[in-house]
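Per the numbering used here, numbering of the sequence shown is gapless, rising by one per residue and ending at 129. This report concerns only the one structure given below.
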Amino acid sequence: MPRPSLRTRSRKRHLLRLPGGRVTTHFKRETVNVLRCSRCGGILHGSPRLIPSKLGKLSASEKKIKRMFGGILCHRCLRGALRSSVQSG
Ligand SMILES: [Zn+2]
41 MPRPSLRTRS RKRHLLRLPG GRVTTHFKRE TVNVLRCSRC GGILHGSPRL IPSKLGKLSA
101 SEKKIKRMFG GILCHRCLRG ALRSSVQSG
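Laid out in structure tokens, this is it:
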């Protein structure tokens with residue numbers, strides 16, 4: 041039985057054959073997906089790609105983008121959305 045922190049399926053298991061012929065399971069580190077813009081699907085820059093335990097060690101300004109819809113929309117989509125809202129309303 042693996043130790044409690046490894047009893048999750050979110051860590052990739054990797055079977056490794058040792059020099060003696062024995063096969064053991066090694067666990068790969070958890071990966072975090074790249075944040076993407078919800079409108080165009082482009083990659084969002086400036087947001088950390090860390091697991092939650094590492095995310096807590098960052099300062100507040102490093103955690104998220106301090107902009108309207110920061111971390112949700114990219115800067116190009118936000119500019120377009122603001123312009124269209126001003127022109128229509
Ligand atoms: Zn976008």
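Yeah, the Cβ is synthetic: ideal placement off N, Cα and C, and Gly gets one too.
Spatial neighbours of residue i in its chain, beta-carbon cut-off 7 Å, leaving aside the 5 residues before and after
| i | result |
| --- | --- |
| I91 | E70 and V72 |
| C77 | L84, L113, C114 and C117 |
| L95 | P88 and K103 |
Near ligand 1: residue i beta-carbon under 8 Å from a heavy atom
| i | result |
| --- | --- |
| R123 | no |
| G86 | no |
| G131 | In the structure displayed, the chain extends from 41 to 129; residue 131 sits before or after that span and is not available. |
| R107 | no |
| R89 | no |
| G129 | no |
| R69 | no |
| G60 | no |
Given residue i as reference, the closest of the options once Cα atoms are compared
| i | options | result |
| --- | --- | --- |
| G82 | K68, H54, K106 and R116 | R116 |
| S50 | G61, L95, K68 and T64 | K68 |
| S87 | E102, A121 and V126 | E102 |
| G111 | V74, K97 and S124 | V74 |
Proximal residues to residue i (C-beta, below 8 Å), its chain only, five neighbours per side dropped
| i | result |
| --- | --- |
| H54 | T65, H66, F67 and K68 |
| L118 | R107, M108 and F109 |
Cut-off 6 Å between Cβ atoms - residues of its own chain near residue i, not counting five sequence neighbours on either side
| i | result |
| --- | --- |
| C80 | C117 |
| K52 | K68 |
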